[in-house]
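Be aware that the sequence shown starts at -2, since it is given in my numbering, and climbs by one per residue. Ideal Cβ positions, reconstructed from N, Cα and C, are used throughout, including at glycine. Read the structure below first, then the notes.
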Amino acid sequence: MSRKHEFEADEFSKKLGYGKELASSLIKLQIENKGNMNPDHMYSAYHYSHPPLVERLNAINDPDVAPKTE
């Protein structure tokens, strides 16, 4: 359930026009924490409460989620 909420929060940020800033911040946090950038899918599904960085970046860069233009 937590993973779904993370993706929803990322989508909301992107719709507000902060997709690039969010992606940059997530990368900086991952480097600072010395986390695994691309863990095994099965391992991360079982052991991680949040989606891996690569999955979040792919979702942020998904063109089907348009940023807010107002």
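Unbroken alpha helix (DSSP H) runs of length 4 or more, entirely within the stretch 6 to 44: which are they?
16 to 29 and 38 to 44
Rounded to whole angstroms, what is the Cα-Cα separation between residue 42 and residue 59?
For the purposes of this step, residue 42 is taken as the residue at position 45 of the sequence shown. For the purposes of this step, residue 59 is taken as the residue at position 62 of the sequence shown. Each residue's alpha carbon lies about 21 Å from the other.
Exposure label - residue 32; buried when at least 16 CB within 10 Å
Numbered from its first residue, the sequence shown carries residue 32 at position 35. When all chains shown are included, residue 32 counts as exposed.
DSSP three-state assignment for residue 58, whether helix, strand or coil
Here residue 58 refers to the residue found at position 61 of the sequence shown. Here residue 58 sits in coil by DSSP.
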